[in-house]
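Have a look at the structure below, then the notes.
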Amino acid sequence: MPVFFIMFVFMIRRLNDLDKTGWLSLLTFIPIVGAIFGLYVLFAKGSPGSNSYGPAPDENPTWVKVVAIGLPILMIILGIAVVTFLPGNL
Numbered sequence: 027m028p029v030f031f032i033m034f035v036f037m038i039r040r041l042n043d044l045d046k047t048g049w050l051s052l053l054t055f056i057p058i059v060g061a062i063f064g065l066y067v068l069f070a071k072g073s074p075g076s077n078s079y080g081p082a083p084d085e086n087p088t089w090v091k092v093v094a095i096g097l098p099i100l101m102i103i104l105g106i107a108v109v110t111f112l113p114g115n116l
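According to the numbering used here, the sequence shown is numbered sequentially starting from 27.
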C-alpha cells in the first residue's frame, strides 16, 4: 500500500510538470484508459519553462545522467551473474 501511495504522489507531480491538474491521476483507475494515460504521462515532454505549478527544475548534472544509465546496466549484469551461478548451472 505505501508503494501505491508513493506512485500516486509521483504521478501528480509529473502531471503538474506537464501543467495539468493532479486530479487527472484518477484516470489510472479506469481500465485501458488508465494504461494509455500512464504511457502518456511517462513519455510526454514537460512544459517548457515555468508553469502555474512552479518554476522549471534545474538541469541534471552529468553524474546523475551517468548513474541513471549505469545503474540499470549494472543491475542487468548482476541479475545474469546470479542466475548463472545458481546451483545446477555450474
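Glycine residues also receive a C-beta, built at the ideal position from the N, C-alpha and C atoms. Bear in mind that the values here come from a model prediction, so they are computed numbers and not experimental data.
Three-way DSSP call (helix, strand, coil) for N77 in this model: Counted from its first residue, the sequence shown places residue 77 at position 51. Strand, per DSSP.
Presumed contact (8 Å Cβ cut-off) between G60 and T54, rounded CB distance: Here residue 60 refers to the residue found at position 34 of the sequence shown. Here residue 54 refers to the residue found at position 28 of the sequence shown. Rounded, the Cβ-Cβ distance is 4 Å, consistent with contact.
Three-way DSSP call (helix, strand, coil) for I102 in this model: For the purposes of this step, residue 102 is taken as the residue at position 76 of the sequence shown. Reduced to three states, the DSSP call for I102 is helix.
Beta-carbon gap between I38 and S51 smaller than 8 Å: The sequence position of residue 38 within the sequence shown is 12, counting from 1. The sequence position of residue 51 within the sequence shown is 25, counting from 1. Their beta carbons are under 8 Å apart, which means I38 touches S51 by this criterion.
Extent of the continuous alpha helix (DSSP H) to which D43 belongs: Position 17 of the sequence shown, counting from 1, holds the residue named residue 43. For D43, the enclosing alpha helix (DSSP H) has its first and last residue at P28 to D43.
Member of P28, V29, L44 and F34 whose CA lies at the smallest distance from the CA of Y79: For this step, residue 79 is matched to residue 53 along the sequence shown. Taking the Cα of Y79 as reference, the smallest distance to any Cα among P28, V29, L44 and F34 is reached at L44.
Beta carbon of V67 nearer than 8 Å to that of L100: Position 41 of the sequence shown, counted from the start, is the residue given in the question as residue 67. Position 74 of the sequence shown, counted from the start, is the residue given in the question as residue 100. Not in contact: V67 and L100 (Cβ atoms no closer than 8 Å).
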